[in-house]
Ligand SMILES: O=C(CO)[C@H](O)[C@H](O)COP(=O)(O)O
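In my numbering, the protein residues as written are 5 to 231.
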């Protein structure tokens, strides 16, 4: 799994601290990314030791890892997550930019459905204001029109390109991703509403007002913030 941001030790601390919140009988939303992977592995060890949980993955990658470590899986058709654990590319005042792994559409569905959404991150993800580019998943046929609409909103869109394939990143849902630079956001909720309204926008990576708890790891400790 591709690792971005701070140290692996910090990510591990955050992921494992959040995994400790999971108790017998829970349904757990399993986010995507290198920090959440530490939580999924910790849950796998707990399942091996007898913890009775079911996971709802948010991507091909988190499904594969959950299967590898032995977490029984279910879907949103059959269960509601008691808790979701997921990473972030940037965090400011409890609002997030997500989608570095292009999984933000399913992540938002699962994270929003959970009774408690726990964000796991290392210190490098904290900011005073969100200024990370916003991933926007678009229907392939709408890439050009959404690009133009993002420019009208003051953003600068770039089609995300694959690293070991010619051409664009294609999401788990068969769509494309525009990384849209807007600079520092004064009102992330307003931009979130405008992006959601664009025809052909499947989902964007602004997660505003969704997080309940933030677990931030550094090289020595984990701090927890509640919203
Ligand atoms: O939103 C995500 C994937 O779509 C990830 O949670 C986000 O990119 C953080 O990843 P990492 O923990 O590897 O830094």
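Where is the CB? At the ideal position from N, CA and C, for every residue including glycine.
- A Cβ-Cβ distance of about 25 Å is found for the pair residue 191 and residue 122, leaving them out of contact under the 8 Å criterion.
- DSSP, read as helix, strand or coil, puts residue 36 in coil.
- Between the segment 176-186 and the segment 91-100 there are fewer than three C-beta pairs closer than 8 Å, too few to call the two in contact.
- For residue 150, the Cβ stays outside the 8 Å cut-off from all heavy atoms of ligand 1.
- Residue 42 carries a helical assignment under DSSP once its states are collapsed to helix, strand and coil.
- Beta-bridge partners assigned by DSSP to residue 139: 183.
- Boundaries of the beta strand (DSSP E) around residue 207: 205-208.
- Residue environment: residue 64 is assigned as exposed (fewer than 16 neighbouring CB atoms within 10 Å of its CB, all protein chains considered).
- Rounded to the nearest angstrom, the Cβ distance from residue 141 to residue 175 is 6 Å, consistent with a contact under 8 Å.
- The continuous stretches of alpha helix (DSSP H) do not include residue 224, and DSSP gives it neither H nor E.
- With fewer than three CB-CB distances shorter than 8 Å, the segment 119-135 does not count as touching the segment 143-161.
- Classified as buried, residue 33 has 16 or more neighbouring CB atoms from the shown chains inside 10 Å of its CB.
- Judged by DSSP in its simplified three-state form, residue 115 adopts helix.
- Remark: C-beta atoms of residue 77 and residue 58 approach each other more closely than 9 Å.
- Here DSSP, grouped into helix, strand and coil, assigns residue 47 to helix.
- In the three-state DSSP reduction, residue 96 falls in the strand class (E or B).
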